[in-house]
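Note sheet for the following structure.
2 protein chains.
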Amino acid sequence: MNDVLTAPAPAKKSPGAKRPPLKKSDATRQRILDAAAHVFHTKGYALARLSDIAKRAKTQTGSIYYYFASREAIVAEVLRIANERTAAFVNGHIAALPADASVEQRIEAAIHGHFAIVLSGDKYASAHMRIFDQTPKKVREHFLRVLDEHAEVWRSLFAEARAAGVIRDDVDLSVMRLLLLGMMNWSIEWYKPGKLSVDDIAHQATILFLEGVGRRA
Amino acid sequence: MNDVLTAPAPAKKSPGAKRPPLKKSDATRQRILDAAAHVFHTKGYALARLSDIAKRAKTQTGSIYYYFASREAIVAEVLRIANERTAAFVNGHIAALPADASVEQRIEAAIHGHFAIVLSGDKYASAHMRIFDQTPKKVREHFLRVLDEHAEVWRSLFAEARAAGVIRDDVDLSVMRLLLLGMMNWSIEWYKPGKLSVDDIAHQATILFLEGVGRRA
DNA sequence: GTCTATAGATAGATAGAC
DNA sequence: GTCTATCTATCTATAGAC
Numbered sequence: 001m002n003d004v005l006t007a008p009a010p011a012k013k014s015p016g017a018k019r020p021p022l023k024k025s026d027a028t029r030q031r032i033l034d035a036a037a038h039v040f041h042t043k044g045y046a047l048a049r050l051s052d053i054a055k056r057a058k059t060q061t062g063s064i065y066y067y068f069a070s071r072e073a074i075v076a077e078v079l080r081i082a083n084e085r086t087a088a089f090v091n092g093h094i095a096a097l098p099a100d101a102s103v104e105q106r107i108e109a110a111i112h113g114h115f116a117i118v119l120s121g122d123k124y125a126s127a128h129m130r131i132f133d134q135t136p137k138k139v140r141e142h143f144l145r146v147l148d149e150h151a152e153v154w155r156s157l158f159a160e161a162r163a164a165g166v167i168r169d170d171v172d173l174s175v176m177r178l179l180l181l182g183m184m185n186w187s188i189e190w191y192k193p194g195k196l197s198v199d200d201i202a203h204q205a206t207i208l209f210l211e212g213v214g215r216r217a
Numbered sequence: 218m219n220d221v222l223t224a225p226a227p228a229k230k231s232p233g234a235k236r237p238p239l240k241k242s243d244a245t246r247q248r249i250l251d252a253a254a255h256v257f258h259t260k261g262y263a264l265a266r267l268s269d270i271a272k273r274a275k276t277q278t279g280s281i282y283y284y285f286a287s288r289e290a291i292v293a294e295v296l297r298i299a300n301e302r303t304a305a306f307v308n309g310h311i312a313a314l315p316a317d318a319s320v321e322q323r324i325e326a327a328i329h330g331h332f333a334i335v336l337s338g339d340k341y342a343s344a345h346m347r348i349f350d351q352t353p354k355k356v357r358e359h360f361l362r363v364l365d366e367h368a369e370v371w372r373s374l375f376a377e378a379r380a381a382g383v384i385r386d387d388v389d390l391s392v393m394r395l396l397l398l399g400m401m402n403w404s405i406e407w408y409k410p411g412k413l414s415v416d417d418i419a420h421q422a423t424i425l426f427l428e429g430v431g432r433r434a
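If you read the protein sequences in the order shown, they are chains X and G. So in our numbering, spot 127 of the first sequence is number 127, and the numbers just go up one at a time. Each position in the second sequence, counted from 1, maps to that position plus 217 in our numbering.
Now the structure itself:
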């Protein structure tokens, strides 16, 4: 179990000096993971059967065990990838800004990035939001730590904003960060593509977060 | 199944003109429900075994079926009670205000009420937050409708605020409502009693919602 | 009304052929 | 590497004694 969680990501060994040859077995493993992310997202962890995953991955239930030691090892890997992608996405949105962007602009970019990955159908990220707290305790505790590491981006963004004097003094930065993340993460529970785009939602959330719904005096 | 969901709450028949006599069987039923709420809250729906519930209710797994037709009937009843209590709590907080309270004050009261029931350990309400989307599809769909009815309080509060001119024109009321509820509901994922009280959190959330984190110009 | 015993079904995991 | 067959455990739900 612990192995599952603490083992580093398979260190893509390049068996020459060339690009990874994309072996057949890697492709199958990938299909299983993609299928798992999809099934977890759709049915939740509890109702996701290995047979559902196998079917979608066009393989057999038994075959899965050639790649993964257990059902739990599959979720763990799905969650690991989800975290990796989410962090990369948020960081990417921030990095895409011009070097002289204000801290408000960077917060806005981070919010857009987070909504984008949560709502735009990345199977792994949406599976993560959906199943995280259905997951076995050990797995959950492990990824709570990972999540906390990734929260560092937000923490430093907020600290910087306060230092720059753009955040009012009577709010607690940790609470604000957690409320903001909650508001974004929960959106998967209600958002249905339609009238409003993901960017619209992100924009509305940015207004709410930075300025509130109240009319300025 | 449908019976489970559409049946009205057991219509406390008073077999005289007196107060309900609190039969023994009612007490047992109540113990089972309380136990179920606790176990659901603690382990999630998927991992909650009828044997866990029976043990905590000091009865036997088989005995549960004297009171409930199925495992599903138990969750349905737990969710029904949770919704009832949450609505009553939020409405109660609003009603406790003086008659001439402003709409901002009523929104603040509603926020305090919602945080209070979610974070202050009401077993039913916290079970609801924790297990809702692990629940069988039919149950979930039914309570989504119930939830939507209860959202009416928030809708009218927001509509009133806009009519009173205290909400800025460039925000979508539905999106605001959903973001606010998400921010509150997700808080159960991170809140641990400690430095900050539930009221502190609610106060911070109210500032965030009405005024935003940004410093006023 | 509450208990014990057990039926019946399901699903994760393993073994072994190919 | 992938398949089929099966073991084993678990859990909901029912039957029937008391």
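Beta carbons are placed, not taken as given, at the ideal position from N, Cα and C, and that holds for glycine. Being a predicted model, the structure only gives us computed values, none of them experimental.
**Message:** Please report the straight-line C-alpha distance between G:Ile-424 and X:Val-171, rounded to a whole angstrom.
**Reply:** 8 Å
**Request:** In angstroms with no decimal places, state the Cα-to-Cα distance between G:Val-221 and G:Ile-281.
**Result:** The straight-line gap from Cα to Cα measures roughly 15 Å.
**Item:** X:Trp-154 versus X:Leu-179 - alpha carbon distance
**Value:** 12 Å
**Message:** Suppose the cutoff is 6 Å on Cβ atoms and the five residues either side in sequence are ignored; what does the same chain contact list for X:Ile-167 look like?
**Reply:** Ala-161
**Item:** Near-chain G residues of the region 38 to 53 of chain X - C-beta to any C-beta below 8 Å
**Value:** Gly-44, Tyr-45, Ala-46 and Leu-47
**Prompt:** If contact means a Cβ-Cβ distance below 7 Å, which residues of the region 173 to 186 of chain X contact chain G?
**Reply:** Val-175, Met-176, Leu-178, Leu-179, Gly-182, Met-183, Asn-185 and Trp-186
**Asked** So is G:Asp-339 in contact with chain X if we call contact Cβ pairs under 8 Å?
**Response** no
**Message:** Under DSSP, the alpha helix (DSSP H) around X:Asp-200 begins and ends at which residues?
**Reply:** 198 to 211
**Request:** Would you kindly report the start and end of the unbroken alpha helix (DSSP H) that includes X:Phe-132?
**Result:** Unbroken run through X:Phe-132: none, as it is neither H nor E.
**Request:** Could you tell me which of G:Gly-382, G:Arg-347 and G:Gly-330 sits nearest to G:Asp-417, measuring between CA atoms?
**Result:** G:Gly-330
**Asked** Among G:Met-346, G:Leu-336 and G:Ile-348, which one has its Cα closest to the Cα of G:Lys-409?
**Response** Comparing C-alpha distances from G:Lys-409 to each of G:Met-346, G:Leu-336 and G:Ile-348 shows the shortest one belongs to G:Leu-336.
**Message:** Measuring only the C-alpha atoms, how far is X:Arg-140 from G:Gly-279?
**Reply:** Approximately 32 Å between the Cα atoms of the pair.
**Request:** Please name the residue in G:Ile-298, G:Ala-305, G:Glu-321 and G:Glu-406 whose C-alpha comes closest to that of G:Gly-261.
**Result:** Considering only alpha carbons, the answer is G:Glu-406.
**Asked** Whose CA, out of X:Trp-186, X:Leu-79 and X:Arg-215, lies closest to the CA of G:Ala-380?
**Response** X:Arg-215
**Item:** Endpoints, alpha helix (DSSP H) assigned at X:Ile-74
**Value:** 71 to 95
**G:Val-363 and X:Met-176 closer than 8 Å at C-beta** = no
**Message:** Runs of 3 residues minimum, wholly inside the region 366 to 401 of chain G: which ones carry the beta strand (DSSP E) assignment?
**Reply:** Listed in chain order, there is nothing to give.
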